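In my numbering, the protein residues as written are 5 to 319. Glycine residues also receive a C-beta, built at the ideal position from the N, C-alpha and C atoms. As the structure is a computational prediction, the values presented were derived from the model and not from experiment. Working notes for the structure below.
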Amino acid sequence: MPSLLKLYLFAFLLIYSVVACKKSEKQSESMEIQLPQNDAAVLSDLFGSFNQVDTHYDDQFFYIESNGLPAHLMMIGITNWQQQVPIQQDYSGKNSWAIPLHPEIAEQPLSTKENFMKGAIAIAVNGIPIFNPLNNRGEDAKAIGELDQWGGHCGRADDYHYHLPPTHLQEIVGDNHPIAYALDGFPVYGETTEELDECLGRFTTRNTYQYHAVPEYPYLIAAMKGKVKLNPRTKAPENEISPQAKTTPIRKDLRPLPGAEIIDFKRISEHQFELTYRLSQQEHVIQYKLSDNGTYDFDFIHPDGSRETASYPIQ
Numbered sequence: 005m006p007s008l009l010k011l012y013l014f015a016f017l018l019i020y021s022v023v024a025c026k027k028s029e030k031q032s033e034s035m036e037i038q039l040p041q042n043d044a045a046v047l048s049d050l051f052g053s054f055n056q057v058d059t060h061y062d063d064q065f066f067y068i069e070s071n072g073l074p075a076h077l078m079m080i081g082i083t084n085w086q087q088q089v090p091i092q093q094d095y096s097g098k099n100s101w102a103i104p105l106h107p108e109i110a111e112q113p114l115s116t117k118e119n120f121m122k123g124a125i126a127i128a129v130n131g132i133p134i135f136n137p138l139n140n141r142g143e144d145a146k147a148i149g150e151l152d153q154w155g156g157h158c159g160r161a162d163d164y165h166y167h168l169p170p171t172h173l174q175e176i177v178g179d180n181h182p183i184a185y186a187l188d189g190f191p192v193y194g195e196t197t198e199e200l201d202e203c204l205g206r207f208t209t210r211n212t213y214q215y216h217a218v219p220e221y222p223y224l225i226a227a228m229k230g231k232v233k234l235n236p237r238t239k240a241p242e243n244e245i246s247p248q249a250k251t252t253p254i255r256k257d258l259r260p261l262p263g264a265e266i267i268d269f270k271r272i273s274e275h276q277f278e279l280t281y282r283l284s285q286q287e288h289v290i291q292y293k294l295s296d297n298g299t300y301d302f303d304f305i306h307p308d309g310s311r312e313t314a315s316y317p318i319q
């Protein structure tokens, strides 16, 4: 009997040690991997490639300021439209986007399929936020026609943002440079032939970690490899990363316009735009501009030439 008891005890200890070892592997990953910090000078040069972006940093974060409008055109190609248009945002000062300078590996990476359906998960190098490829209803925004030719659209605050990796920015920054930085501090690159992990990223020979874009869902950042702080007032799946720049609506958010397709968008001047959409084989035009008195003035032109106007002060 004593020998049998010893055998049971030995088996128990063996199983326990194997389970404990496997459990500790992931927990100790962040301790085993010594990641280099982000180089603020390198980030300054990268984001400095775009005139509409300003940057600064402290010991903890690298901050990105922009007006929320990219240099490229927007909205063309959207077939599932909520009648929002891109207007200027105030991503500056305390409302800047923040990238950690000292990223750390998360013990349990949070999946973007079950988290972060509110707010941004990354910031593109042109100062435009990148949201989860899934909208706040958990739908693939690209698959249902919500996105334009550049992978973006406007939110309820008329805020333009991407839901896809902006690989078109590689034409400006080059294939060997990041097109964005995730809010966990790791860079996002274009597509690669290298093998990627479950988060859609990989470690490099320099012991750095980077995400990559892929052509199909989930497109980028399948899970947050790095540690992130969550806004305690939000819950999954609409939890959001903190700190997070905020938008301020100037008008009530609108409802979808079934059957509408955005066929043209013009930047008339720095603060004046024109959007054209087709509905029931007829073209409608929205002209709008930021006036000197701080209001956005809208001119809605119907197919018969009649007009409606509205003005909304910036909050």
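Linking Arg210 to Leu39 through their CA atoms gives a straight-line distance of about 9 Å.
If you look at Ser115, you'll find it in the beta strand (DSSP E) that goes Ile109 to Ser115.
Straight through space, the alpha carbons of Ala217 and Ile109 are spaced by roughly 20 Å.
In the DSSP secondary-structure assignment, Thr313 is bridged to Asp303. Around the CB of Asp63, fewer than 16 other CB atoms lie within 10 Å, so the residue is classed as exposed.
Taken atom to atom, the span from the alpha-carbon of Pro107 to that of Asp163 is near 28 Å. Here Ala45 is not near Ser115, since their CB atoms are 8 Å or more apart. Rounded to whole angstroms, Gln153 and Val289 show a C-alpha spacing of 19 Å. In this structure, the beta-carbon distance from Gln86 to Leu258 falls below 8 Å. For Ala45, no beta strand (DSSP E) run applies; the uninterrupted alpha helix (DSSP H) run containing it begins and ends at Ala44 to Phe51, by DSSP.
Gln286 sits in a strand when the DSSP states are folded into three classes. Ile176 sits in a helix when the DSSP states are folded into three classes.
In this structure, the alpha-carbon of Val192 lies about 11 Å from that of Gln174.
At the C-beta level, Tyr281 and Ile272 stay beyond 8 Å of one another. In this structure, the beta-carbon distance from Leu151 to Leu168 falls below 8 Å.
In the three-state DSSP reduction, Thr171 falls in the helix class (H, G or I). Setting aside the 5 residues that flank it on each side, Ile305 is surrounded in the same chain by His288, Val289, Ile290, Gln291 and Arg311, each with a C-beta closer than 8 Å to its C-beta; the list follows chain order. If you draw a straight line from the Cα of Arg206 to the Cα of Ser53, it comes to about 26 Å. Two segments are said to touch when three or more pairs of C-beta atoms, one from each, lie closer than 8 Å; by this definition the stretch 119-130 touches the stretch 233-247.
Rounded to the nearest whole angstrom, the CA to CA distance from Gly263 to Asp303 is 21 Å. Leu283 sits close to Leu261, with the two beta carbons spaced by under 8 Å.
Burial check for Ile148: the Cβ neighbour count within 10 Å stays below 16, so the residue is exposed. Nearest to Gly72 by C-alpha distance, out of Ile82, Glu274, Tyr221 and Gln285, is Glu274.
If you ignore the 5 residues before and after Asn99, its C-beta comes within less than 7 Å of the C-beta of Ala249 and Lys250, all in its own chain and listed in chain order. Its chain contains Asp257 as the residues whose beta carbon lies nearer than 6 Å to that of Arg160, once the 5 sequence neighbours on both sides are disregarded; these appear in chain order. Distance between Asn139 and Ala145, taken at the CA atoms: about 6 Å.
When secondary structure is reduced to three states using DSSP, Gly72 falls in the coil class, being assigned neither helix nor strand.
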